[in-house]
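Here is the structure we will look at, set down as structure tokens.
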Amino acid sequence: MEINFRHDVDAVLAEAKELQKPVLLDFSAAPM
Amino acid sequence: MVKFVTDNFMPARVHVRDDSALFQKYGEKYGAQWTPTILELDSNGVERHRIEGFLPNDDFLGQLMLGRAQIAFAEEKWDEAERRFREIVEKLPESDAAPEALYWAGVAPYKASNDNSSLRQTANAFKDRYQGTSWAKKASIWA
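As they're listed, the protein sequences go chains V and R. The first sequence begins at 1 in this note's numbering and counts up by one. The second sequence begins at 33 in this note's numbering and counts up by one.
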């Protein structure tokens, strides 16, 4: 099982605020 | 690791080349100058912990747990913060995060109660483990 990273960061931050849930933000250069 | 992330965070990724516009926006906002850089943000988008560079699995999980505990601490959820810090010491005692977690596990109940007995207990705990770490030095004033 892998982490399902989302790429719509604006939406993630907005949802996190609404849901009161922390965010893990990964800056990566690994092949996608 | 995956379960911890899924249970505790909304995970998002910015690829520095393939998401170049996003990287310009968020890389600049959060000062990300290297990869991998992993930020643990509270629900308001405030950075509470940063992991830069590769780490072996246990050390990486320890840092993730440390950041999650720091988020609880910043939110003044003292019981939750203490529980999360102690969980790191118990489950990942050899990780780099453990001495720092032991330190903050003593601070959280003090913040809740102003009773400094938890600080003294923490200083004593450092006599048995993690000697020579900066966290043991920082706790030594409480003995």
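Glycine is no exception: its CB is placed at the ideal position from the N, C-alpha and C atoms. Predicted model, so just to flag it, every value in this text is computed and none were measured.
Here's the rule: buried if 16 or more other CB atoms are within 10 angstroms of the residue's CB, otherwise exposed. What is R/Q95?
buried
So what does DSSP say about R/S75, is it helix, strand or coil?
coil
Cβ-Cβ separation, R/P68 to V/D26 (assumed contact under 8 Å), whole Å:
7 Å
Give the DSSP-derived three-state secondary structure of R/D111 in the structure shown.
helix
Would you call the stretch 94 to 112 of chain R in contact with the stretch 120 to 127 of chain R, where contact means no fewer than 3 C-beta pairs closer than 8 Å?
yes
With 9 Å as the limit, tell me which residues of the stretch 98 to 110 of chain R have their beta carbon closer than that to any beta carbon of chain V; keep them in chain order.
G99, R100 and I103
Assuming R/A140 and R/F105 make a contact with CB atoms under 8 Å, what is their CB distance in whole Å?
6 Å
Residue ranges of each alpha helix (DSSP H) run of no fewer than 4 residues wholly in the stretch 126 to 157 of chain R, ordered along the chain?
129 to 145
By Cβ distance, which residues of its chain are closer than 6 Å to R/A171, with the 5 residues on each side in sequence left out?
Y135, T154, A155 and F158
Give me the Cα-Cα distance between R/A44 and R/E72, rounded to the nearest whole angstrom.
11 Å
Roughly how many whole angstroms lie between the Cα atoms of V/A11 and V/E18?
11 Å
Short Cβ contact (8 Å threshold) for R/G77 with V/L13:
For R/G77 and V/L13, yes; Cβs fall inside 8 Å.
Distance check for R/D74 and R/I83, CA to CA, integer angstroms please.
15 Å
Listed from N- to C-terminal order along the chain, which residues in the stretch 40 to 56 of chain R have their beta-carbon within a distance smaller than 8 Å of any beta-carbon of chain V?
N40, F41, M42, P43, A44, R45, V46, H47, V48, R49, D50, D51, L54 and F55
First and last residue of the uninterrupted alpha helix (DSSP H) at R/F36
V34 to N40
Among R/E112, R/D111 and R/E132, which one has its Cα closest to the Cα of R/V121?
R/E132
Could you name the residues that DSSP lists as bridge partners for R/T15?
For chain R, the structure presents residues 33 to 175; residue 15 of chain R sits outside this window and is missing.
Please report the distance separating the alpha-carbon of R/V48 from that of R/N146.
45 Å
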